[in-house]
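I have placed the structure first, in the form of structure tokens, so that the comments after it can refer back to it.
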Amino acid sequence: MSCPPTVLMIDDNPADCRLVKEMFAESEAKVDFHSVADGPKAFDFLSKSRNYASSPTPDLIVVDLNLPILGGKKILNLIKTDQRWKAIPVVVLSSSSLQEDIDECMELGAERYFTKPATVDDYLRVISEIDQLLKHLR
17 MSCPPTVLMI DDNPADCRLV KEMFAESEAK VDFHSVADGP KAFDFLSKSR
67 NYASSPTPDL IVVDLNLPIL GGKKILNLIK TDQRWKAIPV VVLSSSSLQE
117 DIDECMELGA ERYFTKPATV DDYLRVISEI DQLLKHLR
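Using the numbering used here, you'd call the opening residue of the sequence shown number 17 and step up by one each time.
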């Protein structure tokens with residue numbers, strides 16, 4: 017039996033991280049879920065440094081745009097321009113529905129862009145789409 021794909025979520029809202037983790041658990045998508053609250057921790061996770069020395073390499077990254085220290089667009093750009101991580105698909109999950117944010121994220125290399133859903137059913141649909149993306153990538 018193969019290992020479940022690893023998903024890293026970068027979001028400073030613990031409730032959002034918990035909700036996404038629960039949505040993965042409720043769906044048929046079986047993942048190894050990890051979350052960090054900001055860009056520096058994300059890059060520690062990806063680099064396996066500091067408290068993340070034994071962290072797995074994610075198969076997919078989910079990033080919010082509104083983050084402290086480094087914004088989500090900057091994180092996306094840094095991931096997609098670094099040889100070590102540019103092949104990792106990045107999905108944006110943000111409260112912003114501005115077309116300019118969507119366009120910029122897609123230009124920076126985001127695989128998909130989702131506006132944070134308002135209902136559990138909509139969250140499950142987003143998780144299902146992310147799961148389909150993971151299956152396609154494997």
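Glycine is no exception: its CB is placed at the ideal position from the N, C-alpha and C atoms.
### Query
Roughly how many whole angstroms lie between the Cα atoms of Ala-53 and Ile-26?
Counting from one through the sequence shown, the residue named residue 53 turns up at place 37. Counting from one through the sequence shown, the residue named residue 26 turns up at place 10. Going from the Cα of Ala-53 to the Cα of Ile-26 covers about 6 Å.
### Query
Does the beta carbon of Asp-147 sit closer than 9 Å to a beta carbon anywhere in chain D?
In the displayed structure, chain D is absent; only one protein chain is listed.
### Among Val-23, Asn-29, Ile-146, nearest to Asn-82 - alpha-carbon criterion
Sequence index remark: in the sequence shown, residue 82 carries index 66 (1-based). Answer by Cα proximity: Asn-29.
### Query
Is Val-47 helix, strand or coil by DSSP?
Locating residue 47 in the sequence shown gives position 31, counting from the first residue. Residue state, collapsed to three classes: coil.
### Per DSSP, cross-strand counterpart(s) of Thr-22
If you number the sequence shown from 1, residue 22 lands on position 6. According to DSSP, Thr-22 bridges with Asp-48.
### Task
Taking the CB atoms as reference points, tell me whether Leu-92 and Leu-114 lie closer together than 9 Å.
Position 76 of the sequence shown, counted from the first residue, corresponds to residue 92. Position 98 of the sequence shown, counted from the first residue, corresponds to residue 114. Result no, Cβ atoms of Leu-92 and Leu-114 do not sit closer than 9 Å.
### Query
Of all the options Phe-59, Ser-63, Lys-46, Arg-34, which has the alpha carbon lying nearest to the alpha carbon of Ile-146?
Sequence index remark: in the sequence shown, residue 146 carries index 130 (1-based). It is Lys-46 whose Cα lies nearest to the Cα of Ile-146.
### Alpha-carbon spacing of Pro-133 relative to Tyr-139, whole angstroms
Taking the first residue of the sequence shown as position 1, residue 133 is located at position 117. Taking the first residue of the sequence shown as position 1, residue 139 is located at position 123. Each residue's alpha carbon lies about 5 Å from the other.
### Task
Could you tell me which residues DSSP puts in a beta bridge with Leu-109?
Reading the sequence shown from its first residue, position 93 is the one you call residue 109. For Leu-109, which the question treats as bridged, DSSP gives the partners Phe-130.
### Query
On the three-state DSSP scale, how would you describe Ile-91?
As a first step, residue 91 is located in the sequence shown; it is residue number 75 there, counting from the start. In the structure shown, Ile-91 sits in a helix (DSSP, three-state: H, G or I).
### Query
If we ignore side chains and look at the alpha-carbon of each, how far apart do Val-142 and Pro-56 end up?
Counting from 1 along the sequence shown, the entry for residue 142 is found at position 126. Counting from 1 along the sequence shown, the entry for residue 56 is found at position 40. Val-142 and Pro-56: Cα-Cα distance of roughly 26 Å.
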